[in-house]
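Residue numbers (this note's numbering): 127 to 361.
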Amino acid sequence: MTPTEVKESLKTFIAEACLPIDIVDILPSEDLGARHSTTEARIKDVITQWNKDGKIHVLLPGLPEIMEFYTKTDASSAAKELLEAAAVEALLEAVIAEQVLPIRFTDCGFRLITLSEDDTTGYPVKILHGGFRLEKKGNAEVELSQLEGVANRFEASLKANRMKAKMFHLGFQLEKAAETEMPLSQVKKLAKQIDITLGINYVLNTYEYANRDDASETSWTSASICVSPWRFPRR
Numbered sequence: 127m128t129p130t131e132v133k134e135s136l137k138t139f140i141a142e143a144c145l146p147i148d149i150v151d152i153l154p155s156e157d158l159g160a161r162h163s164t165t166e167a168r169i170k171d172v173i174t175q176w177n178k179d180g181k182i183h184v185l186l187p188g189l190p191e192i193m194e195f196y197t198k199t200d201a202s203s204a205a206k207e208l209l210e211a212a213a214v215e216a217l218l219e220a221v222i223a224e225q226v227l228p229i230r231f232t233d234c235g236f237r238l239i240t241l242s243e244d245d246t247t248g249y250p251v252k253i254l255h256g257g258f259r260l261e262k263k264g265n266a267e268v269e270l271s272q273l274e275g276v277a278n279r280f281e282a283s284l285k286a287n288r289m290k291a292k293m294f295h296l297g298f299q300l301e302k303a304a305e306t307e308m309p310l311s312q313v314k315k316l317a318k319q320i321d322i323t324l325g326i327n328y329v330l331n332t333y334e335y336a337n338r339d340d341a342s343e344t345s346w347t348s349a350s351i352c353v354s355p356w357r358f359p360r361r
């Protein structure tokens with residue numbers, strides 16, 4: 127199965143579960159920039175874990191072994207981050223509403239990598255360029271339990287086809303309302319609350335100012351938060 131076929135199988139399971147969700151492709155041109163460099167590091171980490179026979183070289187020679195402790199990302203569950211992203215989205219909605227924060231957020235979507243256990247080529251790992259977003263139709267509500275059913279079928283299908291796959295969530299983009307004084311430290315608190323409440327190590331990733339020459343703690347306009355490369359294990 128190609129990465130596109132794996133993505134289409136997920137789309138099929140969502141449709142068969144009658145969930146009000148569309149899968150929207152992200153163009154490769156939309157996937158550029160420093161805000162996704164953290165995800166790229168996590169992708170390399172998972173490829174390293176899959177590469178038990180040494181055919182794929184993604185780490186520089188001499189990398190200290192101690193770094194393996196800090197950069198472990200869960201490589202065994204294809205759809206784990208699909209479920210985690212839904213939980214984080216619900217938490218963000220609740221916290222922003224409760225604290226009346228002057229921000230709105232958008233889901234940045236997913237990257238997908240696959241590995242066929244029967245692939246004998248020199249580079250069996252395939253990456254879906256651009257990625258995709260899961261967008262709810264209208265104001266539809268989707269229960270986490272419904273997504274769990276889809277995730278279970280998706281992972282069972284991969285196992286039956288002797289495929290490994292991993293969905294990497296790209297995090298969330300936060301936009302601050304104009305003319306508000308909310309400090310950037312509040313975004314860091316949001317990321318920390320995700321860690322405390324859900325046990326997912328989210329971090330402030332990148333942020334932008336309207337005018338970098340006159341930047342201050344409250345003059346940021348947008349920021350992104352995402353899963354840290356130091357995701358697993360948590361000890």
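Glycine included, each C-beta is placed from N, C-alpha and C at the ideal position.
Every value quoted in this text rests on a predicted model; they were computed, and no experiment measured them.
Quick check on Glu-343: does DSSP put it in helix, strand or coil? If DSSP states are grouped into helix, strand and coil, Glu-343 belongs with coil.
Just to confirm the assignment, what range does the beta strand (DSSP E) spanning Thr-240 have? Looking at the DSSP string, the run of the beta strand (DSSP E) that includes Thr-240 is 236-242.
Exposed or buried, Cys-234, counting other C-beta atoms within 10 Å across all chains shown (16 or more means buried)? Under a 10 Å Cβ-count criterion, Cys-234 is classified as buried, with 16 or more other Cβ atoms of the shown protein chains found around its own Cβ.
Quickly, what does DSSP pair Tyr-335 with across the bridge? List them, please. Beta-bridge analysis with DSSP links Tyr-335 to Trp-346.
Let me check one thing: in DSSP terms, what residues is Ala-259 bridge-paired to? One detail in the question is off: residue 259 reads as Arg in this sequence, not Ala. DSSP lists Val-150 as partners of Arg-259.
List the whole-angstrom C-beta distance separating Phe-231 from Phe-294, where the pair is believed to meet the contact cut-off of C-beta under 8 Å. About 18 Å; that fails the 8 Å criterion.
Grab me the residues of Glu-131's own chain with a C-beta within less than 6 Å of its C-beta, minus the 5 sequence neighbours each way, in chain order. Taken in chain order, the list of residues that qualify is empty.
Measuring CA to CA, which of Gly-275, Ala-201, Leu-227 is closest to Glu-301? Ranking the options by Cα distance to Glu-301, first place goes to Leu-227.
Using C-beta distances below 6 Å, list every residue in its chain close to Leu-284, excluding the 5 sequence neighbours before and after it, in chain order. Excluding residues within five positions, the ones whose Cβ falls inside 6 Å are Ala-204, Ala-291.
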